[in-house]
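Trainee:
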Amino acid sequence: MHVHVPTSEWLCGCMGPYVDSVERYFGRRPEPTTIEDLISTYAELDLGGVLLGWDAERTTGRAPLDNEWLAGICARSQGRFVGFGSIDPLRPDAIERLQRLPALQLRGVKLHPTLQGFDPAADDLMPFFDAAAELGLIVLTHSGTSGVGSGEPGGQGLRIDLARPLLLDRIAARHPRMPIVLAHVGWPWHLETLAMALHKSNVYVDISGWKYRYLPDDVRREMSRRLSGQFLFGTDYPMFDPAEQLVEFDRLGLPEPVARRVLHDNADELLAGP
Ligand SMILES: [Zn+2]
């Protein structure tokens, strides 16, 4: 559910001055590779993925990933990757950009309130989310703290309070048919994430960005019980190695039907649409 484009366009272009903090936080330095490598790595593991765009130009001054380019990568992957474009919702032409995603076969929009510096619950954001719902898009948003900026003075100017899961509750209530994926479980506000997912069936949770053995107990319990239909496997590649993450996932020892749902079936149904 959560794959970043591991090429220099993202790692050096978008992420350049933030890679040191990411390395410190995750204990692994993501090195740029090629699209061919990305596709063959996933093919060898018989894995598919949701490939994510990036647009934090207004706040970071770094060039965004072009959504058309992202769509081209997904097309080249022959179905192995489905793309979610990224748009900074505070761009003056954000809604027009959003309207271009379906024609590019991009199924969702990836948001990052911390990097994009916006408050998802703000009144002036409502037209953006209304348009996303109207277009039938899936919203996937970063939630919880961030490896980006961590351990730096002032977190490199980035605000993690903007990525509190509960800020999306208003949107989830307003658009009951729009799926909202809260990425990375939302730690340290993972109880907000669980409460939202228990309360609203259109709220999903991706477990990317973790060595799964460290997932909080409350999260592990709900994943295998009441929320087994709303949890989604994800890696946050290239921050994590997908082969290692599959082994980690196995070690969670989830009941087989739950593991199959989280690994594959939930995402399959979500991406198939209503
Ligand atoms: Zn991510």
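When we follow numbering that gives the first Met the number 0, the leftmost residue of the sequence shown carries the number 0, and every step to the right adds one. Just so you know, even glycine gets a beta-carbon here, dropped at the ideal spot from N, CA and C. As the structure is a prediction and not an experimental result, all values here were calculated from the model.
1) Need the endpoints of the alpha helix (DSSP H) that residue 76 sits in, please.
2) Check whether the stretch 50 to 67 and the stretch 76 to 89 touch, using three or more Cβ-Cβ pairs below 8 Å as the test.
3) Out of 114, 199 and 241, which one is the CA nearest neighbour of residue 149?
4) Hey, out of 116, 70 and 130, whose CA is closest to residue 92's CA?
5) What residue does the beta strand (DSSP E) around residue 131 start on, and which one ends it?
6) Do the stretch 42 to 59 and the stretch 1 to 20 make contact, defined as three or more Cβ pairs closer than 8 Å?
7) Would you mind stating whether residue 178 and residue 269 have Cβ atoms separated by less than 7 Å?
8) Return helix, strand or coil for residue 261, following the three-state DSSP convention.
9) Can you tell me where the alpha helix (DSSP H) holding residue 141 begins and where it ends?
10) For residue 4, which of helix, strand or coil comes out of DSSP?
11) Using a 10 Å radius around the Cβ and a threshold of 16 neighbouring Cβ atoms, would you call residue 33 buried or exposed?
12) Pick out whichever of 257, 90, 236 and 170 has its Cα sitting closest to the Cα of residue 122.
13) Inspect the beta-carbon positions of residue 101 and residue 134 and report whether they are closer than 7 Å.
14) What residue does the alpha helix (DSSP H) around residue 41 start on, and which one ends it?
15) With a threshold of 6 Å, establish whether the CB of residue 235 neighbours any heavy atom of ligand 1.
16) Looking at the structure shown, is residue 179 part of a helix, part of a strand, or coil, going by DSSP?
17) Taking 7 Å as the cut-off, decide whether the C-beta atoms of residue 62 and residue 12 are in contact.
18) If residue 214 sits next to residue 184, beta carbons under 8 Å apart, how far is it from one beta carbon to the other, in whole angstroms?
19) Using C-beta distances below 8 Å, list every residue in its chain close to residue 219, excluding the 5 sequence neighbours before and after it, in chain order.
20) With distances taken from CA atoms, which of 226, 207 and 189 is nearest residue 199?
21) Taking the C-alpha atoms as reference points, what is the distance between residue 112 and residue 249?
22) Over what stretch of residues does the beta strand (DSSP E) that includes residue 277 continue unbroken?
23) Can you tell me where the beta strand (DSSP E) with residue 202 in it begins and where it stops?
24) Quick check on this structure: which residue in 182, 157 and 236 has the alpha carbon closest to the alpha carbon of residue 38?
25) Pull up the distance between the alpha-carbon of residue 166 and that of residue 189, whole angstroms please.
26) Taking all protein chains shown into account, do 16 or more other C-beta atoms lie within 10 angstroms of the C-beta of residue 273, making it buried, or fewer, making it exposed?
27) For residue 55, tell me which candidate among 142, 90, 212 and 46 has the shortest Cα-Cα distance.
28) Hey, how far is the Cα of residue 223 from the Cα of residue 231?
29) Below 8 Å on the Cβ atoms is my guess for residue 193 versus residue 151; work out the distance and round it to an integer in Å.
Mentor: Taking the definition as stated:
1) First-last for residue 76: undefined, no H or E at that position.
2) yes
3) 114
4) Ranking 116, 70 and 130 by Cα distance to residue 92 puts 130 first.
5) Per DSSP, residue 131 belongs to no beta strand (DSSP E); it is in the alpha helix (DSSP H), 125 to 133.
6) yes
7) yes
8) helix
9) From DSSP, residue 141 is part of no alpha helix (DSSP H) but of the beta strand (DSSP E) over 137 to 141.
10) Residue 4 falls in the coil class under three-state DSSP.
11) exposed
12) 170
13) The criterion of a C-beta distance shorter than 7 Å is satisfied by residue 101 and residue 134.
14) 34 to 43
15) yes
16) The DSSP-derived three-state label of residue 179 is strand.
17) Yes, Cβ-Cβ distance for residue 62 and residue 12 is below 7 Å.
18) 7 Å
19) Cβ neighbours of residue 219 beyond the five flanking positions: 251.
20) Relative to the Cα of residue 199, the nearest Cα in the group 226, 207 and 189 belongs to 226.
21) 31 Å
22) There is simply no residue 277 to check, as the chain begins at 0 and stops at 273 in what is shown.
23) 202 to 205
24) Minimum Cα distance to residue 38 is reached at 236.
25) 13 Å
26) Residue 273 should be labelled exposed.
27) 90
28) 12 Å
29) Actually they do not touch by this definition, with Cβ atoms about 30 Å apart.
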